[in-house]
Structures are given as structure tokens and as C-alpha cells.
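Novice: Per the UniProt record's numbering, residue 1 is the first one in the sequence shown, and the count goes up by one each step. Think of the CB as a built atom: it goes at the ideal place given N, C-alpha and C, for glycine as much as any other residue.
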Amino acid sequence: MLDQALLEGTSKSAAEQQPVSEVIQLGSFVYGTWHSSHEDARTVVHAISNEPIYTVSSHGIDMQQVVEYAKQNGAILANWTFHQRANALKQIAQHLLEHKEDFYQLAYATGATRKDAWIDIEGGIQTLFAYSSLVRRELNDEKIITEDSWIQLSKNGTFGAKHILSPKSGVAVHINAFNFPIWGMLEKIAPTLLAGVPCIVKPATDGAQLTQAVVKAIEDTQLLPKGSLQLICGQIDDLFDYLGPQDSVTFTGSAYTGQKLRNHPHLNKYSIPFSMEADSVNSAILSPEADEATVDLFIREVFREMTTKAGQKCTAIRRAFVPQAQLEQVQQKLIAKLEKVIVGDPQKQDTTMGALASPKQKLDVENKVAELAKDAKIVFGGTTNFKFNAATPENGAFFPPTLLLCEQPLQATHVHTTEAFGPVCTLMPYQSIDELADLVARGEGSLVASVVKNSHENIEQIIQKIAPWHGRVHILDEESAKESTGHGSPLPHLIHGGPGRAGGGEELGGIRAVKHYMQRTAIQGSPNSLTQVTHSWTAGSNIKQDRVHPFKKDFDELVIGERLLTARRTVTEADIVNFACLSGDYFYAHTDKIAAADSFFGERVAHGYFIVSAAAGLFVDAAQGPVIANYGMDNLRFVEPVKIGDSIRVELTCKQKTPKPQKDLSQPAHGVVVWDIKVKNQRGELVATYDILTLVARAA
Ligand code: NAP
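1) From the DSSP output, which residues share a beta bridge with Gln519?
2) Would you give the residue range spanned by the alpha helix (DSSP H) that Tyr69 belongs to?
3) For Pro245, which of helix, strand or coil comes out of DSSP?
4) Expressed to the nearest angstrom, what Euclidean distance is found between the alpha-carbon atoms of Ala513 and Gly505?
5) State buried or exposed for Tyr256, treating a residue as buried only when at least 16 other CB atoms are found within 10 Å of its CB.
6) At a cut of 8 Å, does the segment 420-435 reach the segment 318-331 through at least three beta carbon pairs?
7) Can Val642 and Val687 be called in contact, C-beta distance under 7 Å?
8) In the DSSP assignment, the beta strand (DSSP E) including Asn150 goes from what residue to what residue?
9) Can you determine whether any heavy atom of ligand 1 sits closer than 6 Å to the C-beta of Ser254, and answer yes or no?
10) Determine the burial state of Asp102: buried for a count of at least 16 other Cβ atoms within 10 Å of its Cβ, exposed for fewer.
11) If you pair each beta-carbon of the segment 223-230 with each one of the segment 75-90, do three or more pairs fall below 8 Å?
12) Measuring from the CB of Cys314, is there a heavy atom of ligand 1 at a distance below 6 Å?
13) What's the call for Ala467, buried or exposed, on a 16-neighbour Cβ count within 10 Å?
14) Given a cut-off of 7 Å, decide if Ser37 and Asp206 are closer than it, judged by their beta-carbon atoms.
15) Give the straight-line distance between the Cα atoms of Asn681 and Gly671, rounded to the nearest whole angstrom.
16) Name the DSSP bridge partner or partners of Glu407?
17) Would you kindly check if the distance between the Cβ of Ala697 and the Cβ of Ile648 is under 7 Å?
18) Should Asn282 be listed as close to ligand 1, given that the test is whether its C-beta is under 6 Å from any heavy atom?
19) Measuring alpha carbon to alpha carbon, tell me which of Glu142, Tyr54, Glu122 ends up nearest Leu165.
20) Are the CB atoms of Trp183 and Thr538 nearer to each other than 7 Å?
21) Grouping DSSP H, G and I as helix and E and B as strand, with all else coil, what is Phe638?
22) If the criterion is Cβ atoms closer than 7 Å, does the pair Thr252 and Ala195 meet it?
23) Please determine whether the Cβ atom of Thr257 lies at a distance below 6 Å from any heavy atom of ligand 1.
24) So does the segment 396-408 actually touch the segment 326-343, counting three or more Cβ pairs closer than 8 Å?
25) Looking only at its chain, what residues have a beta carbon closer than 7 Å to the beta carbon of residue 701, apart from the 5 residues adjacent to it on each side?
26) Considering only C-alpha positions, which residue in the set Lys260, Leu436, Cys406 is nearest to Ser287?
27) Would you grab the beta carbon distance between Met276 and Ala310 for me? Rounded to a whole angstrom, and I think it's under 8 Å.
28) For Ser21, count neighbouring Cβ atoms within 10 angstroms of its own Cβ and tell me buried if that reaches 16, exposed if not.
29) Tell me the rounded alpha-carbon separation between Val44 and Gly396.
30) Is it buried or exposed, Asn140, if we count other Cβ atoms within 10 angstroms and call 16 or more buried?
31) In chain order, what are the residue ranges of uninterrupted alpha helix (DSSP H) at least 4 long that sit wholly in the segment 406-453?
32) May I ask you to check if the CB of Thr127 is nearer than 6 Å to at least one heavy atom of ligand 1?
33) Report all residues from its chain with a CB closer than 6 Å to the CB of Val214; omit the five preceding and five following residues, and keep chain order.
Right under this line is the structure:
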């Protein structure tokens, strides 16, 4: 029984509500309010009982107002810094985790077992956490991303450029498939919101109650500026007509729908980016020399991909390629495992595979299996009598795990191009690596392929041939098997998407996904203009020198461009010998007069690390002060050698400041200061350059 108020979006939490028996209207969240209608409603049924559970209608929603509401209020989010957005996302993820049982309760209605629902619910929430920490770690606490330090475009350095990325001032429309109603939304809105762009989410009608429950829970937190997240359950009608040049669309679903939507004239007119994730006929490959243990690994992976979420995963293995000699063995072993699968009601304890999401999906899978059977024979499952573990098996959208065998894959077409979105896979033999590569390519582009091999077997040739046809390739062997995240798991740090049939889109992939919602602009100008725009000191822009050492100043007193020019130090032979003794680094270029004379440098030179250490000796203020710690070094380059008798001095310039949130009140409040370091010789030539990062206490 589902919770009406939760689904209509009027409750505080699912657990607090009383169940009701009538079919309910699923609410949309648009222009700051919950909207539902019974007009033109579509009814969604329970995957196990086939009873109506809710209706969906977007009738009466003013799509123009939805778009305008997002754009009018979107500026608030864009005005937050990356870390503000990331902190809000982390708190939202924590809130969702606290309410996860509400979502599990709803997930059974989609036919998912608890294990299946985990991928959607907790996998989705973990994606929010991962993106939040990625942004806090990798991006400065700014509103824009600066990509380059300085591209000099003139002889004297008064004119140059940097590329910046700023949030688009539009809205991102995210249209999702039915199979991951929570993860599918969260993996898209995380990078969008972090980029500072508001979202309109349109879930598939099947499974929309889960998306809606999560949107409701996010809304309850009141952590996002209004207009950041709107939800349309039902049809989007003329929504695309109101999109403009700053907007973007992402789509996950069937190629048929995706291609139709992509051809919308309005998207074409305004060059609106349309990122598509569609049908994908993914492969698993058993390597040519696979031993017994490797065959077992292969079977385990194919079996898992067939049965998890009843095969309703865009990444699931649809084609399993096996060397001809091992075909019979693989088929028998796989069937032996499939025979043990208990398909049925996910709430029954002994069920190991749940149902498809709806009777409509069941019909679709039946039709697709019939298509595949034109090229292949069904060797397990199909529409044969299969016993389902449910009170009324005839009502559920159950489908048995189904294995087909295509013995002549070079003569076949359907097995390479038809995706049965259920627990269905086709086994095929291959004779050579060239033939394998040809067969894999007949999928016309996929999300992922797994190559299962012996630990020491070299499969470089296979990878080179199949990589261009995939967004991700997973190599599995005994060495990685224990810790592998598996064939089917898209990860926040890695690209999810694939060429051709798979849609040509790219999602996730770390910070790349955030940049997808931002505009890259080359900003040209003087160093001072670029320092102003990027809040990061640019070589050649104004500096400020003070009689007070910068290490005596707290975080808030320091200004960008503040510089210390140190005393000089002449490097002696004793320095080099002492440093060699201290470090144990007796490399010939520093210590062997004869070998050094024959070397690239023509004589002995100082160790690069001595220069870095000597530089610290020149710029550090030794007394206790606001600098808490040296926290790292970036971009180190040794540009020119330092020879015996050369004199070095250091320019230390305050480059960037990032305040840090105070997590532990017993520690002093502080921020990170990035210092630009330039070490120069007596001729003013640059010998070493790098950034150092220090933690500096804030004003009391
Ligand atoms: P679908 O029928 O194409 O629907 C996808 C989404 O598009 C749903 O939200 C659907 O809403 C919406 N939609 C349909 N017609 C529309 C229209 N005229 N205007 C605007 N929106 C429209 O696909 P599905 O059945 O949900 O999902 C199954 C397919 O998705 C499979 O083929 C699978 O391969 C693919 N998939 C791909 C990935 C991936 O990452 N590559 C992931 C998951 C699924 P309604 O439900 O309200 O019609």
C-alpha cells in the first residue's frame, strides 16, 4: 500500500502518513507548488499485483511558467560558490539517507528486490555524496572555474588570456527512463546544481512515485534556493518550445524517443545541447586463452548482469562472446546457474530475482525476445512454463531469465541491434580477434564491455579494437575480481555514455559533468583584468610589497598580489655536498665532477630539491604566527640549472585565498592560501617555479 500524501507531495515524511486505499494522483512540483490532476491521467499498476497504484497527469501545468520560474530564480543558485552548493548537496544526501526506508517501501511496487533497489536508492545518494566531495576537493570556492594560469598573447606580457567556465543562465531539463527513478535523477541533478544551474526533472511515468518521493524529501530540507528543482510527472507537452540558448536537455530512454526529441526544431534553432543515453547492446568477452577459473568469473559476471534488476539496466550484458571451443562449456555452466534463480515477489524472502517494472515492459521484452529468436535459439527461459514465486503469479510482470544461442553471429543482425530490456542475453562464438572486433562493432556503439581474461594474458589488441566503440571497458581477471565494482556499475568519477546506438552522450566522469552545464569562454585582456575576473593572481599583474612579512599576517589581512622579495643566497659546492649527504642523493650530475662535465649541464649543478629547500629557507618567517602548516605543492618545474656560484632569490606572491568551513571548533578557523613561487638567478632568469599551499589562521 502506498502513501497518498507522500505521493501527492503534501506530507512531511512517508512514515508519518496513514495509508489509503484509493488510487491516488501523483503530484508534480512546479513553480513552488504541488500540482496534480485527474484529467488525461495515465494509470500505473503494481508490478506484482497488477493493481492500479497511482495516476499521473501534468494536465494544467503551464510549461512556460515552469521554465520562467527556474530562470527567474536560478540566479540565486548561480550566485552561490561551488563549496556552498556542495555543502547543501551533502546535507541533502544525509537527509535522504535518513529517509531511505521510505524509498525502499515504495520500490517493491516496481518489482525490485531490496538488492536491486539499493543500486537505485543508496547508489543515487552515494552519487550525491561523491559529487559533493569531488567539488570541494577539486574546485576552488568560487563561482566560476578558471582553466588556465595565463596564456601570454603579446611580447611584453601585457595581453593574454585564460579560459573560464561560468554557469549557464538557463535551465537543464532532465528526462529519465523508468529503471532507475532515483539514481537516474540524482546523477543528473548533482552536477547540474553544482554548476549553479536549476533543473526540471521529468521521470518516466513507471517508477515516478520514487522520483517524486525524493524530490519531496529534498524540498523538505529547504536547502536549495527556490526554483532549483522542479518535477513534472506526466507529459512535458510544449515545454521545449520555451527553452532558449542557455538551456540544455539530457535524455535517458529508448533510442526511438530520444531521436524524436532530439529533432525538435527549437533545440536545433538555439543549438540547445541534447545529451542522450539510449539503448545499448553491451558485450562481455571471454578471452581467447581463458582457463577454468576465468570461465567461472565470466559466468558469474554474465549471470549477475542478467538477473540484477531483472536485467533492466542500460549497462546489462546483452551479448556474451566466447571462443568457439568453450561455447558448449559456458552454455552448460550458465544454464546450471540460471536454473537456480527464483523469480517472484521481491518481498518473499527466497526470491532472488524480481519482476519487470510493468506489464507493458513484459510485453516489450517478449516481443524483443521473439525478434532475437529470428537469429538465435532460446536455450533457457523464454516464454516456456516457468514457476514464479508469488501469490498470484499470473498478475505479476514476471519474466524468466532467458539465454539465447546464436551460432552464426556473422550472419545475424537482430542479436547485435535489438536490446531486450530484461533478463535476456545471447551467447555467441568467435573464431579470431579480428572476427570478435567485427562482431562487437556490429552493436554500433555501446555503453560498456567487459573482457574477462587470465591474470597474465595480454589483451592489449582486443582493447585497442573495441575501445572506440565504448564509453567504458571493464577488464576482469582474478587479480581484480575481489574488488572490481563490476561490469554494470556506472561510477561518479568515470564516463557513463557511449557512441552511436548508445546515444553519443556523456554523463558523470567527475568534474567534466559539472562543466557540461557551464559555458567555456576565453577571456582576453591585461594581467590585471584577468586577476580581477578570476580572483587568482596572474603573472604580470600588480603586486603589493609591505614591510610586514606576509607570514605574520592572518588569512583576512592578506591581499591577492601581496609579494615578498627575499634576500639572495649564493649556492656553493659545500651546499651541494651537504645536501647530497643529508638526502642520500649522490646523482652524478651533482657529485661527480667528471661525469657532470660530460653531461647535459657541462658541470655540477645543485639538486632541484635543494633549490626548493633553500627557497623555503629564504621566504619562511620562522617565528610562531598565523601560518599553521605547509599543506602541499603544485605545478613544480625546474626551468634552468643552478651552478656553483649562482645566486638565487625568491619572489613569493599571494595568488589565491580560499576560506575553509570550521568543522572542529577546537581548531582555529583558517583558510588555504596559494602562493606563487618564482626562484630566479643573478641574471633574473627563472630557475624554478611552483605553487605552495599553506593553511593560515583567520582573524580572531
Ligand atoms: P522511453 O519510453 O523512451 O522513455 C524515456 C523517457 O522519455 C520517459 O521519461 C518517458 O516518459 C519520456 N518520453 C516518452 N515519450 C516522450 C515524449 N514524446 N516527449 C517527452 N518525453 C517523452 O524509455 P523507457 O521505456 O523509460 O526506458 C527503457 C529504455 O531506456 C531502454 O531501451 C533502455 O536501453 C534505455 N535506457 C538507457 C539508459 C542509458 O543510460 N543509456 C539507462 C536506462 C534506460 P513516460 O514514461 O511518461 O512516457
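Specialist: The structure says:
1) For this step, residue 519 is matched to residue 519 along the sequence shown. In DSSP, Gln519 forms a bridge with Ser166.
2) By 1-based counting over the sequence shown, the position of residue 69 is 69. First-last of the alpha helix (DSSP H) with Tyr69: 63-78.
3) What you label residue 245 is simply residue 245 of the sequence shown in a count that begins at 1. In the three-state scheme derived from DSSP, where H, G and I count as helix and E and B as strand, Pro245 is classed as coil.
4) Within the sequence shown, residue 513 is the residue found at index 513, counting from 1. Within the sequence shown, residue 505 is the residue found at index 505, counting from 1. If you draw a straight line from the Cα of Ala513 to the Cα of Gly505, it comes to about 11 Å.
5) For the purposes of this step, residue 256 is taken as residue 256 along the sequence shown, with counting starting at 1. The residue is exposed, with fewer than 16 neighbouring Cβ atoms inside 10 Å.
6) yes
7) Indexing the sequence shown from 1 puts residue 642 at position 642. Indexing the sequence shown from 1 puts residue 687 at position 687. Yes, Cβ-Cβ distance for Val642 and Val687 is below 7 Å.
8) Locating residue 150 in the sequence shown gives position 150, counting from the first residue. Strictly speaking, residue 150 in this sequence is Trp, with Asn absent from that position. Premise fails: Trp150 is in no beta strand (DSSP E) and is neither H nor E.
9) Position 254 of the sequence shown, counted from the first residue, corresponds to residue 254. Answer for Ser254: yes, Cβ within range of ligand 1.
10) Here residue 102 refers to the residue found at position 102 of the sequence shown. The residue is buried, with at least 16 neighbouring Cβ atoms inside 10 Å.
11) yes
12) Residue mapping note: residue 314 aligns to position 314 of the sequence shown, counting from 1. Yes, the beta carbon of Cys314 sits closer than 6 Å to at least one heavy atom of ligand 1.
13) Taking the first residue of the sequence shown as position 1, residue 467 is located at position 467. Under this definition Ala467 is an exposed residue.
14) If you number the sequence shown from 1, residue 206 lands on position 206. If you number the sequence shown from 1, residue 37 lands on position 37. Against a cut-off of 7 Å, the Cβ pair of Ser37 and Asp206 comes out as no contact.
15) Within the sequence shown, numbered from 1, the residue matching residue 681 stands at position 681. Within the sequence shown, numbered from 1, the residue matching residue 671 stands at position 671. Straight-line Cα distance between these residues: approximately 32 Å.
16) Taking the first residue of the sequence shown as 1, we reach residue 407 at position 407. Note: Glu407 sits in no beta bridge, so no partner.
17) For this step, residue 648 is matched to residue 648 along the sequence shown. For this step, residue 697 is matched to residue 697 along the sequence shown. Cβ distance not < 7 Å, so Ile648 and Ala697 don't count as in contact.
18) Within the sequence shown, numbered from 1, the residue matching residue 282 stands at position 282. Not one heavy atom of ligand 1 is found less than 6 Å from the C-beta of Asn282.
19) Residue mapping note: residue 165 aligns to position 165 of the sequence shown, counting from 1. Among Glu142, Tyr54, Glu122, the Cα nearest to that of Leu165 is on Glu142.
20) Mapped onto the sequence shown, residue 183 falls at position 183. Mapped onto the sequence shown, residue 538 falls at position 538. In this structure, Thr538 does not lie closer than 7 Å to Trp183 by Cβ.
21) Numbered from 1 along the sequence shown, position 638 holds the residue referred to as residue 638. Taken through DSSP and simplified to helix, strand or coil, Phe638 comes out as strand.
22) Within the sequence shown, numbered from 1, the residue matching residue 252 stands at position 252. Within the sequence shown, numbered from 1, the residue matching residue 195 stands at position 195. No, they are not a contact pair.
23) For the purposes of this step, residue 257 is taken as the residue at position 257 of the sequence shown. Yes, since a heavy atom of ligand 1 falls inside the 6 Å radius drawn around the Cβ of Thr257.
24) Touching, per the Cβ criterion.
25) Here the chain covers residues 1 to 700 and nothing more, so residue 701 does not appear.
26) Within the sequence shown, residue 287 is the residue found at index 287, counting from 1. Ser287 has its Cα closest to that of Leu436, out of Lys260, Leu436, Cys406.
27) Along the sequence shown, read from residue 1 onward, the residue named residue 276 stands at position 276. Along the sequence shown, read from residue 1 onward, the residue named residue 310 stands at position 310. Not really, about 24 Å apart at Cβ, beyond 8 Å.
28) For the purposes of this step, residue 21 is taken as residue 21 along the sequence shown, with counting starting at 1. Note on Ser21: pLDDT 44, under 50, position unreliable in the model; the coordinate value appears next. Its Cβ having fewer than 16 others within 10 Å, Ser21 is exposed.
29) Start at 1 with the first residue of the sequence shown, and residue 44 comes out as number 44. Start at 1 with the first residue of the sequence shown, and residue 396 comes out as number 396. Val44 and Gly396: Cα-Cα distance of roughly 13 Å.
30) Within the sequence shown, residue 140 is the residue found at index 140, counting from 1. Classification for Asn140: buried.
31) 414-417, 433-441
32) Against the sequence shown, residue 127 aligns to sequence position 127. Every heavy atom of ligand 1 is 6 Å or more from the Cβ of Thr127, so no.
33) The sequence position of residue 214 within the sequence shown is 214, counting from 1. Excluding residues within five positions, the ones whose Cβ falls inside 6 Å are Ile182.
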